[in-house]
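In the UniProt record's numbering, the protein residues as written are 1 to 375.
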């Protein structure tokens, strides 16, 4: 079962509730973690630093320095969290290195420096030591495959193909040659999206349709697990079917490059039923929401800061835990959905305070909406 939030409620209640300032250049990446009942945001910037923010107290608590290039991606390390009870941040930089940081003590724990070009993306899967190797090698693998073609990779997402789940037959249809392994989708400067099987080092699908660089790619999950979402410098957002290799929808409305795409936690009620909502952030300083079943005008648009020179570079939906007093009973619904987005001016904006307890809960079977969409 999956819980969705009705988009109309979000649209009617969304507002800017806070802004974090501390970076001196564009914010390119944001991540979230909890540790010892505290909540943290980390952010990576073109000012070459990683900042850590205490969400509950709305303040910056750390600035990590050591990279000599822009921060393309920052992630809290799930491996260190679950295996060593450490809250460690991993950062990928244009200086060709990946670093691990103990942010509590502002200490660089480890650095990987074997890359031959800037590192664009990071991902952790299933908390195993081997995944750190996969993390590093996977991105290097994509670079290696494309280096002789003089292409640059702008965005990468990873996905594990698990042969021991209920979706085994459906997942095998996408043509993964390896067994239990990882696939990568990559957005490139040749306007394509490519899917790779890390285990066999083979490219098994290419998606063509964008007319300019592909800046952001994301794998879908749950009922949209066989889809990829992409944003491009051609100002468009695309939704792709992995199984058929075809474009499902192309969304137009931005008037500048799209640098961030996300599958939102919202659904919209329309004539067919409930439809998933996707989200995009652009150089035009707007965030737009789209109905995946319709390529018409966006459902909703949020304008960034009042600075006319500002831009949207990254965004992330985060479910924050609600603080309760000692005499209050904690509920499983005590959670707030926020949209964090990073800007060209170096600030991080927090949008909305959407209470889970006031939403509709929709129980669905895996792929029910997805199959309905293609029927």
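Each residue gets a CB set at the ideal place from its N, CA and C atoms; glycine is no exception.
Please read all numbers here as calculations on a predicted model, not as lab measurements.
If only complete runs of 3 or more residues are kept, the UniProt repeat "WD" (64 to 111) shows the beta strand (DSSP E) at 71 to 76, 88 to 93, 98 to 102, in order along the chain.
Going by DSSP, residue 208 is part of the beta strand (DSSP E) stretching over 202 to 208. Cα atoms of residue 66 and residue 77: separation of roughly 18 Å, rounded to the nearest angstrom. Using a Cβ distance threshold of 7 Å, residue 282 and residue 256 count as a contacting pair. Only residues of its own chain outside the window of five on either side were considered, and among them none has a CB closer than 6 Å to the CB of residue 225. In the three-state scheme derived from DSSP, where H, G and I count as helix and E and B as strand, residue 11 is classed as helix. Beta-bridge partners of residue 51 (DSSP): 43, 63. Between the alpha carbons of residue 260 and residue 73 lies a gap of roughly 12 Å. Membership of residue 259 in the beta strand (DSSP E) is indicated by the continuous run 258 to 269.
In the displayed model, residue 303 falls within a strand according to three-state DSSP. The straight-line gap separating the alpha-carbon atoms of residue 239 and residue 230 is approximately 7 Å. If you draw a straight line from the Cα of residue 295 to the Cα of residue 237, it comes to about 10 Å. Around the C-beta of residue 183, 16 or more other C-beta atoms lie within 10 Å, and the residue is accordingly described as buried.
Around the Cβ of residue 188, a 10 Å sphere holds 16 or more other Cβ atoms; the residue is buried. Collapsing the DSSP output to three states places residue 57 in coil. Counting of Cβ neighbours within 10 angstroms places residue 16 among the exposed residues, the total staying below 16. Looking from the CA of residue 342, the closest CA among 351, 313, 320 belongs to 313.
Going by beta carbons, residue 320 and residue 349 fall outside the 7 Å limit.
The C-beta of residue 57 has fewer than 16 other C-beta atoms within 10 Å across all chains shown, which makes the residue exposed. Per DSSP, reduced to three states, the secondary structure at residue 225 is coil, with no helix or strand assignment.
For residue 27, the enclosing beta strand (DSSP E) has its first and last residue at 27 to 35. The Cβ neighbour count for residue 113, taken over all protein chains shown within 10 Å, is under 16; the residue is labelled exposed.
Of the candidates 207, 70, 52, 207 places its Cα closest to the Cα of residue 191. Taken through DSSP and simplified to helix, strand or coil, residue 276 comes out as strand. The C-alpha of residue 303 is placed about 6 Å away from the C-alpha of residue 285.
DSSP places residue 196 in the uninterrupted beta strand (DSSP E) bounded by 192 to 197.
Taking C-beta atoms under 8 Å as the contact rule, residue 75 and residue 31 qualify, at a distance of about 5 Å. Approximately 7 Å separates the beta-carbon atoms of residue 299 and residue 277; this is inside 8 Å, confirming the contact.
Burial state of residue 218 is buried, judged by a 10 Å Cβ sphere holding 16 or more other Cβ atoms. Taking a C-beta distance under 7 Å as the contact criterion, residue 279 and residue 228 do not qualify as a contact pair.
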